[in-house]
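A short write-up of the structure that comes next.
Number of protein chains: 2
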Amino acid sequence: MKIAILGTGMVGNALATKLVQFGHQVAMGSRSADSDAGRQWFKSVGGKGQLATFSDAASFGEVIFDCTNGANSLAALRQAGAPNLRGKILIHVSNPLDFSKGMPTLTVCNTDSLGEQVQREFPETRVVKALNTVNCEVMVNPSLVPGDHSLFICGNDETARRKVAGWISEWFGWKSGNIVDLGDITASRGMEMWMAIWLRLFGKLGHPHFNMCLSVGSK
Amino acid sequence: MKIAILGTGMVGNALATKLVQFGHQVAMGSRSADSDAGRQWFKSVGGKGQLATFSDAASFGEVIFDCTNGANSLAALRQAGAPNLRGKILIHVSNPLDFSKGMPTLTVCNTDSLGEQVQREFPETRVVKALNTVNCEVMVNPSLVPGDHSLFICGNDETARRKVAGWISEWFGWKSGNIVDLGDITASRGMEMWMAIWLRLFGKLGHPHFNMCLSVGSK
Numbered sequence: 336m337k338i339a340i341l342g343t344g345m346v347g348n349a350l351a352t353k354l355v356q357f358g359h360q361v362a363m364g365s366r367s368a369d370s371d372a373g374r375q376w377f378k379s380v381g382g383k384g385q386l387a388t389f390s391d392a393a394s395f396g397e398v399i400f401d402c403t404n405g406a407n408s409l410a411a412l413r414q415a416g417a418p419n420l421r422g423k424i425l426i427h428v429s430n431p432l433d434f435s436k437g438m439p440t441l442t443v444c445n446t447d448s449l450g451e452q453v454q455r456e457f458p459e460t461r462v463v464k465a466l467n468t469v470n471c472e473v474m475v476n477p478s479l480v481p482g483d484h485s486l487f488i489c490g491n492d493e494t495a496r497r498k499v500a501g502w503i504s505e506w507f508g509w510k511s512g513n514i515v516d517l518g519d520i521t522a523s524r525g526m527e528m529w530m531a532i533w534l535r536l537f538g539k540l541g542h543p544h545f546n547m548c549l550s551v552g553s554k
Numbered sequence: 336m337k338i339a340i341l342g343t344g345m346v347g348n349a350l351a352t353k354l355v356q357f358g359h360q361v362a363m364g365s366r367s368a369d370s371d372a373g374r375q376w377f378k379s380v381g382g383k384g385q386l387a388t389f390s391d392a393a394s395f396g397e398v399i400f401d402c403t404n405g406a407n408s409l410a411a412l413r414q415a416g417a418p419n420l421r422g423k424i425l426i427h428v429s430n431p432l433d434f435s436k437g438m439p440t441l442t443v444c445n446t447d448s449l450g451e452q453v454q455r456e457f458p459e460t461r462v463v464k465a466l467n468t469v470n471c472e473v474m475v476n477p478s479l480v481p482g483d484h485s486l487f488i489c490g491n492d493e494t495a496r497r498k499v500a501g502w503i504s505e506w507f508g509w510k511s512g513n514i515v516d517l518g519d520i521t522a523s524r525g526m527e528m529w530m531a532i533w534l535r536l537f538g539k540l541g542h543p544h545f546n547m548c549l550s551v552g553s554k
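Note that the protein sequences, when read in sequence, are chains A and B.
Last residue of the first sequence? That's 554 in the numbering used here, and every number before it is there in order.
Last residue of the second sequence? That's 554 in the numbering used here, and every number before it is there in order.
Written as structure tokens, this is what we have:
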């Protein structure tokens, strides 16, 4: 499949590398198409992929992963361009984190979320929030965390959610029973606000290889 | 032990009942000391407990559970009175939820939390945020959720956190290995923002008997 990865940071890098290894055609998008991070990635996968602008990557991809820095996510998607995103599934991985003031905080939360902002701005794109609740190494290798553990997804389009859940299973190795569908895109609030306890646990544990498993009793 | 429970709602009721069953002397505090909810609780435990004002309950308790509605938590604690709380451990269970606008939201989050507000207003009280991340039936009966699952606590006083963890184990049956100490009171942010995904899961599952288990891999 032709897949666009927007963002050349750690998250984009991890996902793009795994997708290339899986045999997909991957375009890694950034503002300039020739960022240092992009070129390093390109070299690391032996040239099996391509570097592009946000716009060219989005145009190329049948499916698009938004792995941009949350603070720049909307701006990057505007550069990608609504026509290049129209009708496509956009897997929204970014968290709206602000690291500029010591203890990281969210730039939007509680009554809104970045996932919802993106869906509102690109109403013809099928936004599925996913993967943002775990570290990028865990995203593409869930066995880094022992036992069963949960991955949450949400989005307004049920078919898109089902497709994304299937891809996450197939490409990244998540057991389908561990993928928890939270329904429409407003669940992005909870999935992004999750960052507050995630960052605290990261600080306490000293590494990001952890996650949580949902356990449900009877009514 | 002499224990005060502030708040006669479902949470206060569940904790007070369990503590009476455990053999503690429990004073259930409310604004008026003779609320309907309070009298019902008193009857349900066969009169083994007492009803009191916030102030009398706080004065009576060696340890105090704040189970008031989060929107009224600070006002209730002011009625309880700083001198009655001084030097004591206050186990802060309330969440700052606003149910008045459809989808519940938090009245404080991200850059502050109710736990921190309480600690700032009562600096001589040892505030430990605990139990707020699960439903009240699960609080006092963790076996309602299958397998291991985690309970988070935080607070500025390490000795107080250790004591509270011990009590939660002893009185309510939580395995000590499942109690996760998140450090100082600023972790209340993550523990209260947890509500956003908790409420979503509650809506999805249709009942509150669920929780999450932290699973940690290697560095």
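Where is the CB? At the ideal position from N, CA and C, for every residue including glycine.
Treat the numbers as computed from the prediction; the structure is a model and nothing was measured.
Over the uninterrupted alpha helix (DSSP H) stretch that includes Val473(B), give me the two end residues.
Cys471 to Met474
Measuring CB to CB, does Gly525(B) end up less than 8 Å from Ala531(A)?
yes
By the DSSP assignment, the beta strand (DSSP E) with Ser550(B) in it spans what residues?
Phe545 to Val551
Using 8 Å as the limit for Cβ to Cβ distance, is Ile532(A) near chain B?
yes
Tell me whether His542(A) is buried or exposed, calling it buried when 16 or more other Cβ atoms sit within 10 Å of its Cβ.
exposed
Own chain, CB closer than 8 Å to Ala362(B), minus 5 neighbours either side, in chain order:
Lys337, Ile338, Ala339, Ile340, Gly384, Gln385, Leu386, Ala387, Asp391, Ala392, Phe395 and Gly396
List, in order along the chain, the chain B residues whose C-beta lies closer than 7 Å to that of Ala522(A)?
Arg535
With C-beta atoms as the reference, is Leu479(A) less than 8 Å away from Glu472(A)?
yes
Residues of chain B with CB closer than 9 Å to the CB of Ser390(A), please, in chain order.
Here the premise fails: no neighbours, minimum Cβ distance about 33 Å.
Note down, in chain order, every chain A residue with its Cβ under 9 Å from the Cβ of Gly541(B).
Lys554
Taking Cβ to Cβ, would you say Val462(A) is nearer than 8 Å to Ile503(A)?
no
Between the CA atoms of Ser365(A) and His544(B) - distance to the nearest angstrom:
44 Å
Bridge partner(s) assigned by DSSP for Lys464(A):
His427(A) and Cys489(A)
Rounded straight-line distance, which links the Cα of Gly373(B) to that of Gly477(A)
A quick correction: the sequence has Pro, not Gly, at residue 477(A). Rounded to whole angstroms, Pro477(A) to Gly373(B) spans 48 Å at the Cα level.
Check this for me: beta carbons of Thr329(A) and Ser370(A), under 8 Å apart or not?
What is shown of chain A runs 336 to 554, which leaves residue 329(A) out entirely.
So, does the CB of Trp502(B) fall closer than 8 Å to a CB anywhere in chain A?
no
Express the C-alpha separation of Gly344(A) and Gln375(A) in angstroms, rounding to a whole number.
11 Å
If the cut is a Cβ gap below 8 Å, which residues of chain B does Met438(A) touch?
Thr521
Excluding the five sequence neighbours on either side, which residues of its own chain have a C-beta within less than 6 Å of the C-beta of Trp506(B), listed in chain order?
Taking Trp506(B) as the centre and dropping the five residues before and after it, the same chain places the C-beta of Phe357 closer than 6 Å to its C-beta, in chain order.
Can you list, in chain order, the residues of its chain whose CB lies under 6 Å from that of Phe389(A), leaving out five sequence neighbours each side?
Leu341, Gly364, Ala411, Gln414 and Ala415
Mind checking the region 461-481 of chain B against chain A and listing, in chain order, the residues whose C-beta falls within less than 9 Å of any C-beta there?
Thr468, Val473, Ser478, Leu479, Val480 and Pro481
Name, please, each residue of chain B whose Cβ falls closer than 9 Å to the Cβ of Ser550(A).
Val480, Pro481, Gly482, Asp483, His484, Phe545, Asn546, Met547 and Cys548
Thr440(B) to Leu432(B) span [Cα, whole Å]:
Using only the alpha carbons, I get a separation of about 6 Å.
CB-CB under 6 Å to Cys548(A), same chain, minus the five flanking residues each way: which ones, in chain order?
Asp483, His484 and Ser485
How about Ala417(B) and Phe377(B): are their beta carbons less than 8 Å apart?
The criterion of a C-beta distance shorter than 8 Å is not satisfied by Ala417(B) and Phe377(B).
For Ala500(A) and Gly512(A), what's the separation of their Cα atoms in angstroms?
Going by the C-alpha atoms only, they are around 10 Å apart.
Can you have a look at Ser429(A) and say buried or exposed, based on whether 16 or more other CB atoms are within 10 angstroms of its CB?
By the 10 Å Cβ count, Ser429(A) comes out buried.
Taking 8 Å as the threshold (beta carbon to beta carbon), is Trp529(A) in contact with chain D?
Although the question refers to chain D, the structure presented lacks it and instead comprises the protein chains A and B.
Using 8 Å for Cβ pairs, my map puts Lys539(B) next to Leu354(A). What's the rounded Cβ distance?
With 8 Å as the limit, Lys539(B) and Leu354(A) do not qualify as a contact, their Cβ atoms being about 29 Å apart.
Considering only C-alpha positions, which residue in the set Met474(B), Leu425(B) and Gly347(B) is nearest to Gln454(B)?
Leu425(B)
So within the region 349-381 of chain A, which uninterrupted alpha helix (DSSP H) runs reach at least 4 residues, ignoring any that extend past its ends?
If only complete runs of 4 or more residues are kept, the region 349-381 of chain A shows the alpha helix (DSSP H) at 371-379, in order along the chain.
Does Asn348(B) get closer than 8 Å to chain A when you measure Cβ to Cβ?
no
Measure the alpha-carbon distance for Val346(B) versus Thr468(B) and round it to whole angstroms.
12 Å
Have a look at Lys436(A), Asp447(A) and Met474(A) and flag the residue whose alpha-carbon is nearest the alpha-carbon of Phe400(A).
Met474(A)
So for Lys337(B), helix, strand or coil by DSSP?
strand
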